[in-house]
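Chemist: I'd like to ask some things about the structure below.
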Amino acid sequence: MDSENGAESSALTEGSLHPVHRLFKWTKWSPLGWLRMLAEKTDWSFIFAVLAAYGLSQGLGGSIWRVASDYYWKDVQLVQPASAQVYQGITSIPWIIKPIWGMATDVVSMAGYRRRPYFILAGLIGLISMLTLSLHSKLPILLALLAMLGGSAGTAISDVTVDACVAENSIAHPLLVSDFQGLCMLSLSIGRLIGYSISGQVHAIGSQGALGILSIPSVIVFSVGLMLKESPSASCNLNQIYQKFLDANRTMWRTMKSPEVWRPSTYVYLSLALSLNIQEGMFYWYTDSNKGLSFSEGLIGAIFAIGSVGSLLGVILYQTSLKDYPFRDLLFWTQLLISLSGMLDLVLVLRLNLKLAVPDYVLAVIDEVVFQMVNRLKLMALLVLCTKLCPLGIEGTFFALLMSIENIGMLTSSWIGGLLLHVLRVTRTEFGNLWVAVLVRSLIRLLPLVFLHLVPGTGSEHGAAGRSVEMVDKSCNSQVCNKYSSSVEMAFPVDSFCSNTSNLDLILENQGIEDEIEVEDSETVSLILNG
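Here the sequence shown is numbered in our numbering, starting from 6 and rising by one per residue.
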């Protein structure tokens, strides 16, 4: 009876709140309140950096870039689909060399700062590149390719730099690591959804005009470098910088030689390299008015926008239901479904959907949603797998290396796909063998299943790094090192980290490892699962 009276009294109290107070209480737990809480714990300039790099540069800018660059090669440079496929692969090279950017931001400071100058550099490179593509209508292919490389490099540098900022704040605020990762992924997803939604209207001004609009995110990234709150650090001389690079390379090489690392890393590469990409051939066919589907720019943008919803659904499905699923089983089913989803393209190219009274655009949307959702599930599993392989002390650099392996795999798939289109003589106006390319691509996507034995069969919560303690140097026998090495389930050599007293002080001060080791373990798992 008393509990009922208490609940009733609480309800009356809640109902008697002034509307302004209720609004304040709602705001406290709303997305705005969440952002305010993160800004109070860190700094508003850090939140701005994440929103700019993930939401604007990669999310909104990346989605517009995907459509605009396709139209640029097709309508402005007038290249063949196979050539466009190769050129698009080349523009991903700055993402392949991400470890170089990562090591640069870690060890090479400019004017006493390690983050701000790289945001400024990224913004300048992106701004100059996009304006070059936008303002020159008869740009030679080589210069156009260099400009696109510059735009991609600007985005990659800002990505690595903001990831370093996130890592620093995650160490300083271990209870907020999942919030930081959530902020990054949420910004990226919303940015992509908005970008694809407006891409049709944006491309009404032409592909060059759309590329010119991409100079705006570059300006905002540049402004991050001016506003970011960062404490000056002591500059290193050339010998110190060289030694730091050598130490990082030695640690990475020692880690890569471990079977727990190179085996899954090999699978990561093969699974992506053998998932052939013939996107340019499909895009040319989608937009061809004579022998293709004659899709408009607005419809292309709408298809990609709805597809990004499928990607978001994949993230939600992984987080809610599949994050504890065994790696090997999850990768088996996702790879199988990716191959089967390619058959929807075959149905579309052969126009079998018309016999079933299914409109072309409906099947195209279904195809994009299914592929993006299943592919996101696969990439999430690979992302978690890569996260669990990172050694302490050079987490950012080694994770960038693993992401580079992913990007090399994607580059390989793009170039092999371009070669396939060339061999089958799929051109700007001839699509007779496109169905063969789709069929070959779908069958080759089954080959990664042969290499699944390289992936640990344990669940995501244990992963391939269950034997991490075996990799710890025997000399690292302090109580703190032992506790930390047992609490983090990753494959890494802890000796390089424990030998750095500043790192140990940072653990003891900010992470409370002596008294809260169990909390730290749960937070580490949270970081991995939300990464």
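In this text, a Cβ means the ideal position worked out from N, Cα and C, and glycines have one as well.
Exposed or buried, K383, counting other C-beta atoms within 10 Å across all chains shown (16 or more means buried)?
Modeler: Result: buried.
Chemist: Take E425 as the anchor and find which of L151, A57, D75 and I283 has the nearest alpha-carbon.
Modeler: At residue 425 the sequence reads Leu, which differs from the Glu that was named. The residue with the shortest Cα to Cα distance from L425 is I283.
Chemist: Check whether the Cβ atoms of L275 and F456 sit closer than 8 Å, and answer yes or no.
Modeler: Result yes, Cβ atoms of L275 and F456 sit closer than 8 Å.
Chemist: With a floor of 4 residues, list each alpha helix (DSSP H) that falls wholly inside the segment 65-105, ordered by position along the chain.
Modeler: Entirely contained in the segment 65-105, the alpha helix (DSSP H) runs reaching 4 residues are, in chain order, 66-76, 86-95 and 98-101.
Chemist: Determine the contact status of V182 and A58, defining contact as a CB-CB distance below 8 Å.
Modeler: No.
Chemist: When DSSP labels each residue in this structure, what does Y330 get in the three-state scheme?
Modeler: DSSP places Y330 in coil when its eight states are reduced to three.
Chemist: Locate the alpha helix (DSSP H) running through L318, then write down its first and last residues.
Modeler: Residues E302 to L322.
Chemist: Note down the Cα distance separating R268 from V314, rounded to an integer number of angstroms.
Modeler: In a straight line, the C-alpha of R268 is about 33 Å away from that of V314.
Chemist: What is the residue span of the alpha helix (DSSP H) that D184 lies within?
Modeler: Residues V182 to V207.
Chemist: Mind checking which residues open and close the alpha helix (DSSP H) that includes F53?
Modeler: Per DSSP, F53 belongs to the alpha helix (DSSP H) from W49 to V55.
Chemist: Indicate whether the contact test is met: 3 or more Cβ pairs, each with one atom in the segment 227-239 and one in the segment 41-52, closer than 8 Å.
Modeler: Yes: the two stretches touch, three or more of their Cβ pairs being nearer than 8 Å.
Chemist: Quick one: is P461 buried, meaning 16 or more other Cβ sit within 10 Å of its Cβ, or exposed?
Modeler: Under this definition P461 is a buried residue.
Chemist: Within a Cβ cutoff of 8 Å, which residues of the same chain sit near D90, ignoring the five residues on either side of it in sequence?
Modeler: For the sequence presented, residue 90 should be read as Gln rather than Asp. If we look at Q90 and ignore the five residues flanking it on each side, its Cβ neighbours are N282, I283, Q284, E285, G286, S419, W420, G422, G423 and L426.
Chemist: Is A442 buried or exposed, if buried means 16 or more other CB atoms sit within 10 Å of its CB?
Modeler: By the 10 Å Cβ count, A442 comes out buried.
Chemist: On a CA-only basis, which of I311, Q213 and R71 is nearest K143? Give me that one, please.
Modeler: Closest option to K143, Cα to Cα, is Q213.
Chemist: Tell me which residues share the same chain as S346 and place their Cβ nearer than 8 Å to its Cβ, disregarding the 5 neighbours each side in the sequence.
Modeler: Cβ neighbours of S346 beyond the five flanking positions: D372, V375, F376 and V379.
Chemist: Measuring alpha carbon to alpha carbon, tell me which of M108, Y272 and L444 ends up nearest Q248.
Modeler: Checking every option, the nearest Cα to that of Q248 belongs to M108.
Chemist: Considering only residues of the segment 226-265, which uninterrupted beta strand (DSSP E) runs meet the minimum length of 3 residues and lie entirely inside it, listed in chain order?
Modeler: Runs found: none.
Chemist: So, using beta-carbon positions, are I101 and L279 closer together than 8 Å?
Modeler: For I101 and L279, no; Cβs fall outside 8 Å.
Chemist: Do T96 and M153 come within 8 Å of each other at the CB atom, strictly closer than that value?
Modeler: Result yes, Cβ atoms of M153 and T96 sit closer than 8 Å.
Chemist: Starting from L43 and walking both ways along the alpha helix (DSSP H), at which residues does that stretch end?
Modeler: From DSSP, the alpha helix (DSSP H) with L43 extends over P36 to K46.
Chemist: Please tell me whether I540 and G155 are closer than 8 Å, where the distance is taken between their beta carbons.
Modeler: The question about residue 540 has no answer, for the chain in this structure spans 6 to 536.
Chemist: Sort N244, L150, C189 and R121 by Cα distance to F227 and report the nearest one.
Modeler: Checked all of N244, L150, C189 and R121; the closest Cα to F227 is R121.
Chemist: Between the C-alpha atoms of E494 and G230, what's the straight-line distance to the nearest angstrom?
Modeler: Low per-residue confidence applies at E494: pLDDT is 33, beneath 50, and the placement is therefore not dependable, though the value from the model is reported in the following sentence. Roughly 35 Å separates the two Cα atoms.
Chemist: Going by beta-carbon coordinates alone, are I130 and G159 separated by less than 8 Å?
Modeler: Taking 8 Å as the Cβ cut-off, I130 and G159 qualify as a contacting pair.
Chemist: Is the Cβ-Cβ distance between G64 and S202 less than 8 Å?
Modeler: Cβ distance not < 8 Å, so G64 and S202 don't count as in contact.
Chemist: Confirm, please, whether the CB-CB distance from I162 to Y118 is below 8 Å.
Modeler: No; because the gap between Cβ atoms is not below 8 Å, this pair is not in contact.
Chemist: What are the boundary residues of the alpha helix (DSSP H) that includes N282?
Modeler: Per DSSP, N282 belongs to no alpha helix (DSSP H) and is neither H nor E.
Chemist: Does the distance from the CB of S409 to the CB of P104 come in under 8 Å?
Modeler: Yes, they are a contact pair.
Chemist: Enumerate in chain order the residues of its own chain whose CB-to-CB distance from L188 is below 7 Å, with the five nearest sequence positions on each side excluded.
Modeler: Only L43 and V55 meet the Cβ criterion.
Chemist: Rounded to a whole number of angstroms, what is the C-alpha to C-alpha distance between Q340 and S238?
Modeler: Roughly 46 Å separates the two Cα atoms.
Chemist: For a quick check, are the C-beta atoms of L368 and L353 less than 8 Å apart?
Modeler: Yes. Within cutoff.
Chemist: Going by CA-CA distance only, name the one from A73, V370 and H458 that's closest to A209.
Modeler: Residue A73 is the option with its Cα nearest to A209.
Chemist: Assuming P99 contacts S62 (C-beta within less than 8 Å), just tell me the rounded distance between them.
Modeler: Contact doesn't hold; Cβ gap of about 13 Å is too wide.
Chemist: Quick check on this structure: which residue in L357, V431, I343 and L388 has the alpha carbon closest to the alpha carbon of S447?
Modeler: Checked all of L357, V431, I343 and L388; the closest Cα to S447 is I343.
Chemist: Which two residues bound the contiguous alpha helix (DSSP H) that contains V441?
Modeler: Note, V441: alpha helix (DSSP H), L439 to I449.
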